[in-house]
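Student:
Numbering (my numbering), first residue to last: 66 to 285.
(1) Give me the Cβ distance between residue 104 and residue 136, rounded to the nearest whole Å; I'm assuming they're in contact under 8 angstroms.
(2) For the region 135–151 against the region 108–124, are there 3 or more C-beta pairs whose distance is under 8 angstroms?
(3) Return the Cβ separation of residue 202 and residue 163 in integer angstroms, given the expectation that the two are a contact with Cβ distance under 8 angstroms.
(4) By Cβ distance below 7 angstroms, which residues in the same chain neighbour residue 173 in space, the five residues on each side in sequence not counted?
(5) How far does the alpha helix (DSSP H) with residue 100 in it extend, from its first residue to its last?
(6) Is DSSP giving residue 256 helix, strand or coil here?
(7) Would you mind sorting residue 160 into buried or exposed? The rule is 16 or more other CB atoms within 10 Å of its CB.
(8) Output needed for residue 96: all residues of its chain with C-beta closer than 6 angstroms, excluding positions within five of it in sequence on either side, in chain order.
(9) Beta-carbon within less than 6 angstroms of residue 158's beta-carbon, same chain only, minus the 5 sequence neighbours each way: which residues are those?
(10) Would you identify the three-state DSSP class for residue 172, choosing helix, strand or coil?
(11) Look at the Cβ atom of residue 148, then the Cβ atom of residue 180, and state whether they are nearer than 8 angstroms.
(12) Report the residue from 98, 92, 128 and 94 whose alpha carbon sits nearest the alpha carbon of residue 109.
(13) Could you check whether residue 111 and residue 186 sit closer than 8 angstroms to each other, using their CB atoms as the reference points?
(14) So, at 8 angstroms on beta carbons, what are the nonlocal neighbours of residue 268 in its own chain, with the 5 sequence-adjacent residues on each side left out?
(15) By how many angstroms is the C-alpha of residue 171 removed from the C-alpha of residue 107?
(16) Spatial neighbours of residue 93 within its chain, please: CB distance less than 8 angstroms, with the 5 preceding and 5 following residues excluded, ordered by chain position.
(17) Could you spell out where the alpha helix (DSSP H) holding residue 88 opens and where it closes?
(18) With a threshold of 8 angstroms on Cβ separation, who are the neighbours of residue 154 within its own chain once the five nearest residues in sequence on each side are excluded?
(19) For the alpha helix (DSSP H) holding residue 46, just list the boundary residues, first then last.
(20) Measuring alpha carbon to alpha carbon, tell me which residue in 198, 175 and 98 is nearest residue 141.
(21) Let me make sure I understand the geometry here. Which of 126, 121, 200 and 150 has the alpha-carbon closest to that of residue 177?
(22) If we count the other Cβ atoms within 10 Å of its Cβ and call it buried at 16 or more, is residue 120 buried or exposed?
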């Protein structure tokens, strides 16, 4: 089976503790409930069924229901539960609710993981649950860091592009200014205008002479 890290499936609310859960404190039951969700969130077969909506548009809701069913099955039962019963529960839900069959051995591995975690919690040991919580938090932090790095790279590329555009624009302006200066000098030599001409006339003359000077070579 492939167990992968993922976000805990949000349950509509932690089931109310009852007399059958006296083996665990309220805090312990809450941790076990979270652990069940983490194990199911790493079950690839189930996650594919949810993602592809093989159980219909309510696939996410059905996954939450399975989460609570497993919790109730293990914690609420007055009679001891065996792993075969848990496997049947998971298999029936996968087939009936998600139209999916797990033939890769993952169903048995998930059931074993859940049963082992349940027994440890009954003994007051929550190492397995805490390890899953830490791995999930670490995975979420890495995903967030990757997302931030991608955004930073995109912003840096945008800045580089803007800088290049500005540099190209500045270079183009320098060329235009030099062209206008050269054209004005050529215009003055051609028309014989001196410094006595008005600035407005010079300005108009630069534009006109620049245009004529570009056309003259083509006439030749």
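For glycine and all other residues, C-beta sits at the position ideal for the given N, C-alpha and C.
Tutor: The relevant details are as follows:
(1) As a first step, residue 104 is located in the chain shown; it is residue number 39 there, counting from the start. As a first step, residue 136 is located in the chain shown; it is residue number 71 there, counting from the start. Not quite, the Cβ-Cβ distance comes to about 11 angstroms (not below 8 angstroms), so this is no contact.
(2) no
(3) Taking the first residue of the chain shown as position 1, residue 202 is located at position 137. Taking the first residue of the chain shown as position 1, residue 163 is located at position 98. That pair is no contact at about 28 angstroms.
(4) As a first step, residue 173 must be located in the chain shown, where it is residue number 108. Here the set comprises 152.
(5) Locating residue 100 in the chain shown gives position 35, where the first residue counts as 1. Counting along the chain, the alpha helix (DSSP H) containing residue 100 begins and ends at 91–106.
(6) Here residue 256 is taken as the residue at index 191 of the chain shown, counted from 1. Its pLDDT being 47, under 50, residue 256 is placed unreliably by the model, and the measurement read from it follows with that caveat. The answer is helix: DSSP assigns residue 256 an H, G or I state.
(7) Counted from its first residue, the chain shown places residue 160 at position 95. Classification for residue 160: exposed.
(8) For this step, residue 96 is matched to residue 31 along the chain shown. Only 191 and 194 meet the Cβ criterion.
(9) As a first step, residue 158 must be located in the chain shown, where it is residue number 93. Result list for residue 158: 131, in chain order.
(10) As a working note, residue 172 is residue 107 in the chain shown. It is helical.
(11) Walking along the chain shown from the start, residue 148 turns up at place 83. Walking along the chain shown from the start, residue 180 turns up at place 115. Cβ atoms of residue 148 and residue 180: closer than 8 angstroms.
(12) Residue 109 sits at position 44 when you count from the first residue of the chain shown. Considering only alpha carbons, the answer is 128.
(13) Translated into the one-based positions of the chain shown, residue 186 becomes position 121. Translated into the one-based positions of the chain shown, residue 111 becomes position 46. No, Cβ-Cβ distance for residue 186 and residue 111 is not below 8 angstroms.
(14) The residue you call residue 268 lines up with position 203 of the chain shown. At residue 268, the pLDDT of 43 sits below 50, so the modelled position is not reliable; the number obtained from the coordinates is stated separately. Correct list: empty, nothing qualifies.
(15) For the purposes of this step, residue 107 is identified with residue 42 of the chain shown, where counting begins at 1. For the purposes of this step, residue 171 is identified with residue 106 of the chain shown, where counting begins at 1. Those two C-alpha atoms are separated by around 11 angstroms.
(16) Position 28 of the chain shown, counted from the start, is the residue given in the question as residue 93. Closer than 8 angstroms at Cβ, skipping near neighbours: 186, 189 and 191.
(17) Start at 1 with the first residue of the chain shown, and residue 88 comes out as number 23. Here residue 88 belongs to no alpha helix (DSSP H), and DSSP marks it neither H nor E.
(18) Within the chain shown, the letter at position 89 stands for residue 154. The answer, listed in chain order, is 134, 135 and 138.
(19) Since the first residue shown for the chain is 66 and the last is 285, residue 46 is missing from the structure and cannot be characterised.
(20) By one-based count along the chain shown, residue 141 stands at place 76. Closest by alpha carbon: 98.
(21) Within the chain shown, residue 177 is the residue found at index 112, counting from 1. Of the listed residues, the one whose Cα sits closest to residue 177 is 150.
(22) Start at 1 with the first residue of the chain shown, and residue 120 comes out as number 55. Buried, by the Cβ-count rule.
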